[in-house]
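First up is the structure itself, then whatever we jot down about it.
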Amino acid sequence: MGSTVSPLTELVLPNFDSYLQSLADALSTTPGQPVSNPTSSFWLSDPPPVFTHQSPTFPTAVDVVIIGSGITGTAAARTLLSNSPDLRVAMLDAREACSGATGRNGGHIKPNSWELFPKLVAIFGREKARKVTEFRMGILDKMIAIADAEGVTEECQIRKVEAVDVYFDAESWAIAKSCLGIYLEEFPEEIGKWETYEREEAWQEFDIPHAKGIIAGPAGALWPARLIHPILARLLSTHPTFTLDTRTPVTSIAPPDSTISPYVVHTPRGEITATHILHATNGYTANLLPGLTGALLPVRGTMTAQSPPTKILFHRNRSWQFQWDQGYDYLTSLPDRTVMFGGGLRQALTTEIGTVDDSVVNVCTTIHLSGVLPAIGVDTKVQKIWTGIMGFSGDVLPWIGEVPPEISGRRQGTGKEWVAAGYTGEGMCIAWGAAEEVVTRILGVKGGVGVIEEMDVTVERVERAKGLERLVGMFFG
Numbered sequence: 001m002g003s004t005v006s007p008l009t010e011l012v013l014p015n016f017d018s019y020l021q022s023l024a025d026a027l028s029t030t031p032g033q034p035v036s037n038p039t040s041s042f043w044l045s046d047p048p049p050v051f052t053h054q055s056p057t058f059p060t061a062v063d064v065v066i067i068g069s070g071i072t073g074t075a076a077a078r079t080l081l082s083n084s085p086d087l088r089v090a091m092l093d094a095r096e097a098c099s100g101a102t103g104r105n106g107g108h109i110k111p112n113s114w115e116l117f118p119k120l121v122a123i124f125g126r127e128k129a130r131k132v133t134e135f136r137m138g139i140l141d142k143m144i145a146i147a148d149a150e151g152v153t154e155e156c157q158i159r160k161v162e163a164v165d166v167y168f169d170a171e172s173w174a175i176a177k178s179c180l181g182i183y184l185e186e187f188p189e190e191i192g193k194w195e196t197y198e199r200e201e202a203w204q205e206f207d208i209p210h211a212k213g214i215i216a217g218p219a220g221a222l223w224p225a226r227l228i229h230p231i232l233a234r235l236l237s238t239h240p241t242f243t244l245d246t247r248t249p250v251t252s253i254a255p256p257d258s259t260i261s262p263y264v265v266h267t268p269r270g271e272i273t274a275t276h277i278l279h280a281t282n283g284y285t286a287n288l289l290p291g292l293t294g295a296l297l298p299v300r301g302t303m304t305a306q307s308p309p310t311k312i313l314f315h316r317n318r319s320w321q322f323q324w325d326q327g328y329d330y331l332t333s334l335p336d337r338t339v340m341f342g343g344g345l346r347q348a349l350t351t352e353i354g355t356v357d358d359s360v361v362n363v364c365t366t367i368h369l370s371g372v373l374p375a376i377g378v379d380t381k382v383q384k385i386w387t388g389i390m391g392f393s394g395d396v397l398p399w400i401g402e403v404p405p406e407i408s409g410r411r412q413g414t415g416k417e418w419v420a421a422g423y424t425g426e427g428m429c430i431a432w433g434a435a436e437e438v439v440t441r442i443l444g445v446k447g448g449v450g451v452i453e454e455m456d457v458t459v460e461r462v463e464r465a466k467g468l469e470r471l472v473g474m475f476f477g
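Heads up, the sequence shown is in full-length UniProt numbering, so the first residue is 1 and it goes up one at a time.
Structural data, given as structure tokens:
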């Protein structure tokens, strides 16, 4: 026994130290700009002309600059122009339209309300936990209504599905059942929407061997880029004061000369003066807001498109989450039964944390995502694999609202800087509402969507959200 312990200690501890050092480096490094040669996303195959749109005449002075053209930026532009049609709005993106996380994710709209609610109660108390939960619960119906209003319901394949959460270890299954019970006690109107299946029932109903149990309930799915691209195209055609310039990175922002001056946004294609600036770049946010470094981290996620399996359980009206003892994976099926399968973050350990390089795919993640489905009896093969950059918040909550000068490093002028970011892998059920909330504050109107003050950007919150202990707990706890 004694002869075994020493070599094991020598093997494990140096590796653990290197993991900690990698995490420490992630906390202190700003993300930089998106890489110019990202992996090719299935969702962005055969994109429309708006994908590479640039203004015939580059704007020089606007009311609002939106940095980022994904779901957050698009929701903000749509909401701004719906409320103030003559507002001058310039959207800038370092790459192509909706080529970031929104064009690279899993296609889920899955609030995870029952799973999250007990954790929120423990941190913020019942009243605020309920408010956050309701904020997330309403997003699916909101996005379905938006797709319908835009006339793209069929094109973007937005739909309600049955979310099937599969648990493969007894401890996670017991915790999940407890969380669901707490949630249903608080939201009795949700009783009947959620079902639990113990081991034998799970195998019989869903044909998933080795499952300890399953929780099934309502969620949504869509082809994200096919919602965003048509909205951007419509805004360009109906609002002469709206501009979109892709392949136009913001290299720096100059502060106002005085309290009655605008910001100056610098790009390789020219300068734009702007009263307000909205940062809608999620994992890249700290590049232009260095005060958020360590509190809002880029994390690389991996997705695959896999061939349709012979098993009919993976049909278009279900989405799946596979909860292992180490991490989880997620899956949806398109109408043609192509399987969209992502995850493997825990298998990659620390290599995905703090990086914005989505030009490569982690080998360990590739092996994991290629082998998991066959291992549980599903005959699929990887057809395409790609990566994308998420924004993880150090305290789990998103960052929504005004950016203080202490965080931006820039004085305020006639307007302010704003942010909506840090969705921690759940942007499709947070981002639209976050953008709407920020827009109400920019315009100074009532009618926010009900976020809590703990989502505001403050110096105190930033300091609390930083720290190696938090990061270790988030990814390895």
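Don't be surprised by glycine CBs; every beta carbon is placed ideally from N, CA and C.
Note that this is a predicted model, so its numbers are computed, not measured.
Inter-stretch contact at 8 angstroms, needing at least 3 Cβ pairs: the stretch 225 to 238 / the stretch 110 to 128: no
Cβ shell of L334 (< 6 angstroms), same chain only, five flanking positions each side left out: Excluding residues up to 5 positions away in sequence, nothing lies with its Cβ nearer than 6 angstroms to the Cβ of L334 in the same chain.
CB-CB length for V161 against A219, believed under 8 angstroms: Contact between V161 and A219 holds: their C-beta atoms lie close to 5 angstroms from each other, under 8 angstroms.
Inter-residue spacing [alpha-carbon to alpha-carbon] between V382 and P262: 50 angstroms
Sequence ranges, alpha helix (DSSP H) only - wholly within the stretch 182 to 258, length at least 4: Counting only runs of 4 or more, we get 199 to 206 and 225 to 238.
Same chain only: Cβ atoms within 7 angstroms of T267, ignoring 5 sequence neighbours per side: Leaving aside the five residues that flank T267 on each side, the residues in its chain whose CB is nearer than 7 angstroms to its CB run, in chain order, L92, T248, P249, V250 and T251.
Cβ-based burial, R210 [other Cβ within 10 Å; buried from 16]: One point to set straight first is that residue 210 is His, not Arg, in the sequence displayed. Within 10 angstroms of the beta-carbon of H210 lie fewer than 16 other beta-carbons, which makes it exposed.
Assumed close pair G283, P38 - CB separation to whole angstroms, cut-off 8 angstroms: Wrong, their Cβ atoms sit about 13 angstroms apart, outside the cutoff.
Spatial distance of V35 from S99 (CA atoms): 11 angstroms
Reference R461; option with closest CA among P255, G394 and A375: G394
Helix, strand or coil at A90 according to DSSP, with G and I counted as helix: strand
A202 to I208 span [Cα, whole Å]: 7 angstroms
First and last residue of the uninterrupted alpha helix (DSSP H) at W43: Unbroken run through W43: none, as it is neither H nor E.
Residues of its chain near G301, where Cβ-Cβ distance is below 6 angstroms and the 5 sequence neighbours each way are ignored: G388 and M390
For V132, three-class secondary structure by DSSP: helix
Coil, strand or helix - H108 by DSSP: Residue state, collapsed to three classes: strand.
Integer Cβ distance of G138 from A101, believed to fall under 8 angstroms: The Cβ separation is near 22 angstroms, so there is no contact.
D456 to A420 span [Cα, whole Å]: 10 angstroms
Cβ-based burial, I407 [other Cβ within 10 Å; buried from 16]: buried
Proximity to F206 [Cα-Cα], best of A233, V65, W173 and V164: V164
The stretch 343 to 362 / the stretch 293 to 310 touching (three or more Cβ pairs under 8 angstroms): Short answer: they touch.
Buried or exposed (CB count within 10 angstroms, at least 16 for buried), P256: buried
Limits of the beta strand (DSSP E) - the one that S319 falls within: R318 to Q323
Cut-off 6 angstroms between Cβ atoms - residues of its own chain near V439, not counting five sequence neighbours on either side: A76, T79 and L80
Test item: CB-CB of I67 and V89 under 8 angstroms: no
Contact between the stretch 364 to 377 and the stretch 324 to 342 (3+ Cβ pairs under 8 angstroms): yes
Rounded straight-line distance, which links the Cα of V451 to that of A216: Roughly 27 angstroms separates the two Cα atoms.
Residues sharing a beta bridge with G401, DSSP: V419
Secondary structure of V161, DSSP reduced to three states: The three-state secondary structure of V161, taken from DSSP, is strand.
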